[in-house]
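Colleague: Sending over a structure as structure tokens; questions will come in a sec.
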Amino acid sequence: MSVTAPPPRSPYGRLMTGVLRGTIKLDVVINRIYPSDFNPLYYTGGLANLFLFVLVVSGIFLFFYYEASLIGAFASVQYLTERVPYGGIVRGIHRYAADGFIVAVLLHVFRNWFTDRYLFARDNPWISGMFLLVFGGFVGFTGYQLVWDERAQALTAMFLAMLRTLPGGAWLARVFIGGSGISDATIVRALYLHIGPASALYILLWWHYTRLRHPKIWPPAVWVLFCVGLVFLLAGVIPALSGRPATPAAQPTAFPLDIFFLWPFWLMNWLGAAGIVVLLGVLTAAGFAIPYLGWRERPQEMDVRHAGVAQVIDGNCTGCELCYYDCPYNAIVMVPSPAPGFSRAAANRTLLAVVVESRCVECGICIGACPFEALELPKFLERDVRARVLEAVQA
Amino acid sequence: MAALSVLFAFGIVAGEATDRWFFGGALVGALLIAYSVIILLLRKMGVVGPRKSER
Numbered sequence: 360m361s362v363t364a365p366p367p368r369s370p371y372g373r374l375m376t377g378v379l380r381g382t383i384k385l386d387v388v389i390n391r392i393y394p395s396d397f398n399p400l401y402y403t404g405g406l407a408n409l410f411l412f413v414l415v416v417s418g419i420f421l422f423f424y425y426e427a428s429l430i431g432a433f434a435s436v437q438y439l440t441e442r443v444p445y446g447g448i449v450r451g452i453h454r455y456a457a458d459g460f461i462v463a464v465l466l467h468v469f470r471n472w473f474t475d476r477y478l479f480a481r482d483n484p485w486i487s488g489m490f491l492l493v494f495g496g497f498v499g500f501t502g503y504q505l506v507w508d509e510r511a512q513a514l515t516a517m518f519l520a521m522l523r524t525l526p527g528g529a530w531l532a533r534v535f536i537g538g539s540g541i542s543d544a545t546i547v548r549a550l551y552l553h554i555g556p557a558s559a560l561y562i563l564l565w566w567h568y569t570r571l572r573h574p575k576i577w578p579p580a581v582w583v584l585f586c587v588g589l590v591f592l593l594a595g596v597i598p599a600l601s602g603r604p605a606t607p608a609a610q611p612t613a614f615p616l617d618i619f620f621l622w623p624f625w626l627m628n629w630l631g632a633a634g635i636v637v638l639l640g641v642l643t644a645a646g647f648a649i650p651y652l653g654w655r656e657r658p659q660e661m662d663v664r665h666a667g668v669a670q671v672i673d674g675n676c677t678g679c680e681l682c683y684y685d686c687p688y689n690a691i692v693m694v695p696s697p698a699p700g701f702s703r704a705a706a707n708r709t710l711l712a713v714v715v716e717s718r719c720v721e722c723g724i725c726i727g728a729c730p731f732e733a734l735e736l737p738k739f740l741e742r743d744v745r746a747r748v749l750e751a752v753q754a
Numbered sequence: 004m005a006a007l008s009v010l011f012a013f014g015i016v017a018g019e020a021t022d023r024w025f026f027g028g029a030l031v032g033a034l035l036i037a038y039s040v041i042i043l044l045l046r047k048m049g050v051v052g053p054r055k056s057e058r
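Each protein sequence line maps, in turn, to chains G and A. Just so you know, we're using my numbering here: the first sequence kicks off at 360 and counts up by one. Just so you know, we're using my numbering here: the second sequence kicks off at 4 and counts up by one.
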């Protein structure tokens with residue numbers, strides 16, 4: 360049994376180890392600029408949550424003024440932007456917070472990928488996080504549809520071209536626009552496809568958090584002020600405005616591009632509709648498959664999963680809940696104690712810790728959390744630790 | 004930064020008084036960013052910070 364993990368064997372493993380070291384070095388550099396509890400890279404998930412909250416609040420405001428019809432959609436957005444006090448600012452906030460959300464989510468994805476936080480029991484947050492990214496991207500696209508200007512018309516036509524390359528694409532296209540051609544039903548469906556998946560984001564967030572004991576769901580005040588200030592500032596300096604109103608005769612060939620949401624439509628210039636569908640399918644499948652590709656070392660190869668699932672020593676457990684709060688994998692639950700413990704400290708307990716085996720990653724954090732020696736890793740006992748320390752010292 | 008914040012606050016009032024909503028909104032953003040910089044500077048100077056137990 361070696362003391363340090365063996366070096367990665369595969370080229371992918373070596374690459375990811377290099378990226379991991381680079382990420383940690385970046386953390387060190389940023390921690391010199393900001394205090395470590397203000398490091399924004401530690402709060403990428405919280406920042407995404409903040410932007411999502413801003414999106415929901417500003418979106419509710421916009422919803423009250425929006426009219427879901429071919430004629431009314433553009434006019435209502437124009438009225439909101441130009442006539443409603445600070446309506447244009449709220450629209451800009453909604454638009455720039457959406458960009459902020461995608462940027463924060465992408466930073467979160469890459470950081471967790473580069474730091475191997477998708478392995479073992481963390482595949483669950485990874486999968487829910489990928490759903491959040493996909494849903495977020497689609498919600499952004501339908502948001503651009505709702506304005507119903509020439510850009511929205513062109514985007515709708517391009518999206519329909521993508522849908523028609525799929526099996527059953529003609530049916531999907533009919534469902535998407537609500538009939539054989541663009542009508543009021545198209546705008547109503549766009550509104551539903553904007554608000555429905557946006558609401559689903561909170562269900563996905565619940566799934567995302569459910570296996571994490573201490574998720575950092577909100578950034579520090581300094582970043583809340585900065586991010587909210589930034590979207591206000593951008594909304595005022597570079598207002599979010601509509602293009603020319605959509606008309607059946609209009610055939611726009613160029614439109615302003617939001618690179619965070621509309622990049623697939625830009626790539627259609629070279630790849631065509633079918634190429635973009637294939638590209639999006641491959642990227643999505645690869646993103647979901649990352650925890651299961653097996654290119655990273657197996658747990659046995661990494662020499663980390665050999666300790667056995669944590670076990671509670673019934674007689675010593677006092678029901679203090681320290682292990683329950685410290686376990687980052689939600690692998691310990693507290694149940695009513697069926698009988699008192701054996702030790703003096705455990706004699707009056709009311710709760711007993713129980714390890715959920717399927718969630719335990721054998722990290723040993725609970726061992727460190729317990730002051731009563733009531734937990735152990737059965738294949739990695741204290742005497743084994745002592746032997747390994749002595750072995751290392753002698754080496 | 005505090006003086007700048009006061010300037011931004013006057014700008015917000017001026018924007019509201021003249022119905023220049025984009026101007027006022029942008030200055031709300033500038034004011035919030037100035038506050039965030041003030042908090043960061045106070046933290047770097049050690050005036051505010053984590054509780055002793057968290058240091």
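For every residue, glycine included, the Cβ atom is placed at its ideal position computed from N, Cα and C. Fair warning: this is a prediction, and the values are worked out from it, not measured in the lab.
Going along chain G, which residues have a C-beta under 7 Å from A:I35?
Modeller: What sits at residue 35 of chain A in the sequence shown is Leu, not Ile. What A:L35 touches in chain G: L584, V587, G588, F591.
Colleague: Taking a contact to mean a Cβ-Cβ separation below 7 Å, would you say G:M693 touches G:F624 in this structure?
Modeller: No, they are not a contact pair.
Colleague: Here's the rule: buried if 16 or more other CB atoms are within 10 angstroms of the residue's CB, otherwise exposed. What is G:Q753?
Modeller: So G:Q753 counts as exposed.
Colleague: Any beta carbon of chain A sitting closer than 7 Å to that of G:A594?
Modeller: Yes, G:A594 lies at the interface with chain A (some Cβ there is under 7 Å from its Cβ).
Colleague: Give the residues of chain A in contact with G:F397, contact being defined as C-beta atoms less than 8 Å apart.
Modeller: Result: L43, R46.
Colleague: Spell out whether any CB of chain A is found under 7 Å from the CB atom of G:V581.
Modeller: Chain A contact via Cβ: present.
Colleague: Name, in chain order, the residues that DSSP records as bridge partners for G:D508.
Modeller: DSSP lists G:P604 as partners of G:D508.
Colleague: Compute the Euclidean distance between the alpha carbons of G:H567 and G:P484, then round it to the nearest angstrom.
Modeller: Straight-line Cα distance between these residues: approximately 5 Å.
Colleague: I'd like the span of the beta strand (DSSP E) that includes G:L711, first residue to last.
Modeller: Note, G:L711: beta strand (DSSP E), 710 to 714.
Colleague: Any C-beta of chain A sitting closer than 7 Å to the C-beta of G:I448?
Modeller: Interface residue, yes.
Colleague: Do we get a CB-CB distance below 7 Å when we pair G:P598 with the residues of chain A?
Modeller: Yes, G:P598 lies at the interface with chain A (some Cβ there is under 7 Å from its Cβ).
Colleague: Does the CB of G:Y445 have a neighbour CB from chain A at under 7 Å?
Modeller: So yes, G:Y445 belongs to the interface.
Colleague: Against chain A, with Cβ distances strictly below 7 Å, would G:P737 count as a contact?
Modeller: Not one chain A Cβ lies under 7 Å of G:P737.
Colleague: Can a CB atom of chain A be found closer than 7 Å to the CB of G:P730?
Modeller: Not closer than 7 Å to any Cβ of chain A, the Cβ of G:P730 fails to qualify, so no.
Colleague: Would you mind listing the beta strand (DSSP E) stretches within the stretch 501 to 582 of chain G that are 3+ residues and don't spill past its ends, in chain order?
Modeller: Entirely contained in the stretch 501 to 582 of chain G, not one beta strand (DSSP E) run reaches 3 residues.
Colleague: Between G:R570, G:A513, G:L639, G:L740, which has its C-alpha nearest G:V668's C-alpha?
Modeller: The shortest Cα separation from G:V668 among G:R570, G:A513, G:L639, G:L740 belongs to G:L740.
Colleague: Kindly indicate which residue of G:F494, G:L600, G:V387, G:G496 has the alpha-carbon position closest to the one of G:A434.
Modeller: Closest option to G:A434, Cα to Cα, is G:L600.
Colleague: Would you call G:R476 buried or exposed, if buried means 16 or more other Cβ atoms sit within 10 Å of its Cβ?
Modeller: Label assigned to G:R476: exposed.
Colleague: Go through the stretch 16 to 50 of chain A residue by residue and report every complete run of the alpha helix (DSSP H) that reaches 4 residues or more, in order.
Modeller: The qualifying runs are 24 to 48.
Colleague: What's the C-alpha gap between G:S702 and G:R747?
Modeller: Rounded to the nearest angstrom, the two C-alpha atoms are 29 Å apart.
Colleague: Are three or more beta carbon pairs between the stretch 518 to 535 of chain G and the stretch 484 to 495 of chain G nearer than 8 Å?
Modeller: The stretch 518 to 535 of chain G is not in contact with the stretch 484 to 495 of chain G.
Colleague: Alpha carbon to alpha carbon, how far is G:L421 from G:P604?
Modeller: Their backbone Cα atoms lie some 19 Å apart in a straight line.
Colleague: Skipping 5 residues on each side, what residues in its chain have a beta carbon closer than 6 Å to that of A:A37?
Modeller: Within the same chain, A:A37 has close Cβ partners M4, L7, S8.
Colleague: Taking only three categories from DSSP, how would you classify G:Q610?
Modeller: In the structure shown, G:Q610 sits in coil (DSSP, three-state: anything other than H, G, I, E or B).
Colleague: Of the residues that make up the stretch 375 to 396 of chain G, which ones have a beta carbon closer than 8 Å to any beta carbon in chain A?
Modeller: Cβ contacts with chain A: Y393, P394, D396.
Colleague: Just verifying my parser: in three-state terms, what is the DSSP assignment at G:E426?
Modeller: Reduced to three states, the DSSP call for G:E426 is coil.
Colleague: What's the call for G:W565, buried or exposed, on a 16-neighbour Cβ count within 10 Å?
Modeller: Under this definition G:W565 is an exposed residue.
Colleague: Just reading off the alpha helix (DSSP H) that G:I448 is part of, what are its end residues?
Modeller: Start and end: 446 to 473.
Colleague: Have a look at G:S361 and G:K738 and give me their C-alpha separation to the nearest angstrom.
Modeller: With a pLDDT of 44 at G:S361, under the threshold of 50, the modelled position of this residue cannot be trusted; read the value that follows with caution. Whole-angstrom Cα-Cα distance: 15 Å.
Colleague: What are the start and end residues of the beta strand (DSSP E) that includes G:I649?
Modeller: Here G:I649 belongs to no beta strand (DSSP E), and DSSP marks it neither H nor E.
Colleague: In the DSSP assignment, what are the bridge partners of G:M693?
Modeller: Its beta-bridge partners are G:A712.
Colleague: Over the uninterrupted alpha helix (DSSP H) stretch that includes G:C725, give me the two end residues.
Modeller: Start and end: 724 to 728.
Colleague: Counting contacts by CB-CB distance shorter than 7 Å, is A:G28 in contact with chain G?
Modeller: A:G28 counts as touching chain G.
Colleague: Is G:R533 near the ligand NAD, with its Cβ less than 6 Å from a heavy atom?
Modeller: The ligand content of the structure shown is nil, which means the ligand NAD is not present either.
Colleague: Verify whether the separation of the beta carbon atoms of G:V581 and A:I42 is less than 7 Å.
Modeller: Yes; because the gap between Cβ atoms is below 7 Å, this pair is in contact.
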